[in-house]
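Each residue of the sequence shown is one higher than the one before, counting from -17 in this note's numbering. In what follows, a structure is listed as structure tokens, so that the remarks can point back to it.
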Amino acid sequence: MALTKAAVTILASVAVAAGSTKASPGQTGTSVNCTAYHGGEIGWKATNGSSAPAAPVSITLQVSHDGTAWYDYYTITGDTAASGVTSGAVLLDRGVMYLRAIAYGNTTNPVTVEVYLQAVTAV
């Protein structure tokens, strides 16, 4: 029997302004309730503009047991090449209840980031 899956937006494609920090992220994705999912895979991408950032963007995937207290799950960094694109995927464990992504840390120029979940909805 085939798995049933659904695409879920964690952080829609959006520019992260230069100068934000982890404590005050440039972008914060919505809290996604994952209790109905059986895990999945998180795809992420960071795209620099033609003027590269001096420091790369960081994307931190965070998990929560209640949707309000957040704990770091996995952190990814982009690069500092002009028009550079960095992407990858992270496996989402079945035990995760809530998920979000924050983006921050790039300097001098904005970076476009996006994070999506390929959720397993039925087995």
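The beta carbon of each residue, even a glycine, is placed where N, CA and C say it ideally should be.
Bridge partner(s) assigned by DSSP for residue i
i      : result
K(-13) : V102
Y80    : N15 and S46
Y55    : Beta-bridge pairing links Y55 to no other residue.
Three-state secondary structure (DSSP) of residue i
i   : result
K27 : strand
D75 : coil
S65 : coil
G87 : coil
G60 : coil
8 Å contact criterion, which residue i and residue j should meet: CB distance rounded
i   : j   : result
Y55 : T3  : That pair is no contact at about 19 Å.
I58 : G70 : 7 Å
T29 : I84 : Contact doesn't hold; Cβ gap of about 17 Å is too wide.
**OP:** Could you tell me which uninterrupted beta strand (DSSP E) segments, each at least 3 residues in length, are contained entirely in the segment -7 to 51, listed from first to last along the chain?
**Re:** 22 to 30 and 40 to 46
Original post:
With contact counted as at least three CB pairs below 8 Å, one residue from each stretch, are the segment 3 to 22 and the segment -16 to -7 in contact?
Top reply: yes
Original post:
How do the segment 65 to 73 and the segment -7 to 11 stand: do at least 3 beta-carbon pairs fall below 8 Å, yes or no?
Top reply: no
Subject >> the segment 32 to 39 / the segment 74 to 84 touching (three or more Cβ pairs under 8 Å) >> reply: Counting Cβ pairs under 8 Å, fewer than three are found: no touch.
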